[in-house]
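Step one of this worksheet: look at the structure below.
In my numbering, the protein residues as written are 4 to 322.
Encoded structure:
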């Protein structure tokens, strides 16, 4: 049973095996916006093979499918020795419960053995799948308060923080840029954008907030280059209005049909501070992270990284 949203377009349905091969002669079509039942010619199926249905539209009209089934006609001059009946008791539903519960739109069948001779052999089967796994990771670029009156993107020295994008550590990733910004003036736009450390703006990463209240702005999806370092820059829409940056980060949304095989979690430990001490000293506003290996399965690979600078040429900063 299929139809099209438009009355001037064809709707198609066809039988496929689960390997993605169309069954020869199974395609059916309907040219109408009302529901119609269409049947294929005789088709040949392969033993011990799983099959499913696919649909398509001939134009811009949406195609709808209500039901699809196989029609099995048996005949013999003396007797039919074997046959099979399938009784539909399922429905298209999802759940996150760990205990069995009734379907919302449940179907009920009453089994009476006296209606069958000889006694049948019964099986239960279902078409099920796990939910597609999804995961969000946030990669902080900057968590310091920074201000400027510049109407062009600044700073150009990558001093607001640097992160390195490694695509192999985030399978199935869609990346967004996020910044929390505001302006001193209530009638002015504030802007933030993602840059690589070579000074190139990342396409589609620019975000803006209008007014003097801090606002969280998220870009459309951006494309990052593997093994490339990125930073954030900001600017004001009016030279008389100071723009403030409170934080900036990458939002990494991961998804897959079966499993997410690789991900990275960034644990923020640092702070925007300076020191002239030769031996290591604690940060003034230190952060403490408690690591417990039992919280991670499988055991993770851990690295430490920091964004550092030295105000004297030829000198090295350490963390």
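Where is the CB? At the ideal position from N, CA and C, for every residue including glycine.
Under a 10 Å Cβ-count criterion, residue 251 is classified as buried, with 16 or more other Cβ atoms of the shown protein chains found around its own Cβ. Taking all protein chains shown into account, residue 233 has 16 or more neighbouring C-beta atoms within 10 Å of its C-beta and is therefore buried. Annotated three-state conformation of residue 135 is coil, per DSSP. When the beta-carbon positions are compared, residue 195 and residue 237 come within less than 7 angstroms of each other. For residue 192, the enclosing beta strand (DSSP E) begins and ends at 192-199.
Taking the Cα positions, residue 230 is about 5 angstroms away from residue 168. Counting C-beta atoms within 10 angstroms of its own C-beta, residue 239 has 16 or more neighbours from the protein chains shown and is therefore classed as buried. With respect to the C-alpha of residue 67, the residue from 13, 125, 99 having the closest C-alpha is 13. When 138, 163, 283 are compared, the shortest CA-CA separation from residue 267 is found for 138. C-alpha of residue 52 to C-alpha of residue 128: approximately 15 angstroms in a straight line.
With 16 or more neighbouring CB atoms inside 10 Å of its own CB, residue 208 falls in the buried class. In the DSSP assignment, residue 235 forms a beta bridge with 197. Distances from the CA of residue 7 to each of 212, 270, 35, 210 were compared; the closest alpha carbon is that of 35.
Within its own chain, the residues whose Cβ lies closer than 7 angstroms to the Cβ of residue 55, once the five positions on either side in sequence are excluded, are 19, 21, listed in chain order. With fewer than 16 other beta carbons inside 10 angstroms of its own, residue 141 counts as exposed. Under the three-state reduction of DSSP output, residue 118 falls in the helix class.
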